[in-house]
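K.L.:
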Amino acid sequence: MSAKVWCLSAFVSLLSGVIACDAINQIGPEICRRPIDDEPIAFCGGDVEDGIYMSSDWGAALDSSGEDLLYFPGGEYYRIHHRLGVRPRQIQLYLSFSPKGTTESPVAPAAGNQATIREVTDTYIDVLNESCVEYYLLVIATAGVDDGLGGDGAGGDGEGGAVPSACEGGGAG
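Residue numbers (my numbering): 22 to 194.
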């Protein structure tokens with residue numbers, strides 16, 4: 022093969038690769054809607070016990086018993102109403118590929134843009150799936166312990182704070 026033919030062949034291959042990459046890049050944003058400017062979907066489920074909120078219990082996360090994990094497809098944007106009564110001191114986000122995290126698809130801590138925290142208040146946590154992957158979400162938020170130093174930590178009675186108005190009319194969960 023002559024040098025000219027080889028160079029032309031290499032150029033055509035390179036050009037084909039560039040065109041293919043551009044086509045893939047144009048598909049990307051249309052596959053996964055990322056509603057950062059939209060209003061989040063209210064999620065009012067979960068329980069508070071001893072100052073700890075869980076969107077579903079460990080039964081769903083570890084052994085397929087209990088409530089399902091929260092469906093969290095690519096681009097989903099949730100407002101998780103935690104009912105702690107104070108801004109959480111710690112938030113943990115776990116993901117699974119199954120609604121009931123089983124041994125086939127256990128839960129693991131979220132990383133990167135899989136689940137991003139957009140806002141945290143004394144009533145809710147906004148969480149966005151900025152990836153284009155379908156997951157199931159477990160949210161754990163801890164209020165902290167009232168150590169007698171003037172903090173407003175949630176009580177240990179399992180009741181949590183008042184039901185947010187967004188949840189009274191039948192929000193998700």
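Each residue gets a CB set at the ideal place from its N, CA and C atoms; glycine is no exception.
With 16 other CB atoms within 10 Å as the buried threshold, where does G80 fall?
P.N.:
exposed
K.L.:
Determine the extent of the beta strand (DSSP E) in which F93 is found, giving its start and end residues.
P.N.:
L91 to F93
K.L.:
E97: buried (16+ other C-beta within 10 angstroms of its C-beta) or exposed?
P.N.:
buried
K.L.:
What residue ranges within the region 108-172 form continuous beta strand (DSSP E) runs of no fewer than 3 residues, ordered along the chain?
P.N.:
111-117, 137-141, 145-149 and 156-163
K.L.:
CA-CA distance, D68 and M75?
P.N.:
Computed Cα separation, rounded: 6 Å.
K.L.:
If the criterion is Cβ atoms closer than 8 Å, does the pair A162 and L83 meet it?
P.N.:
no
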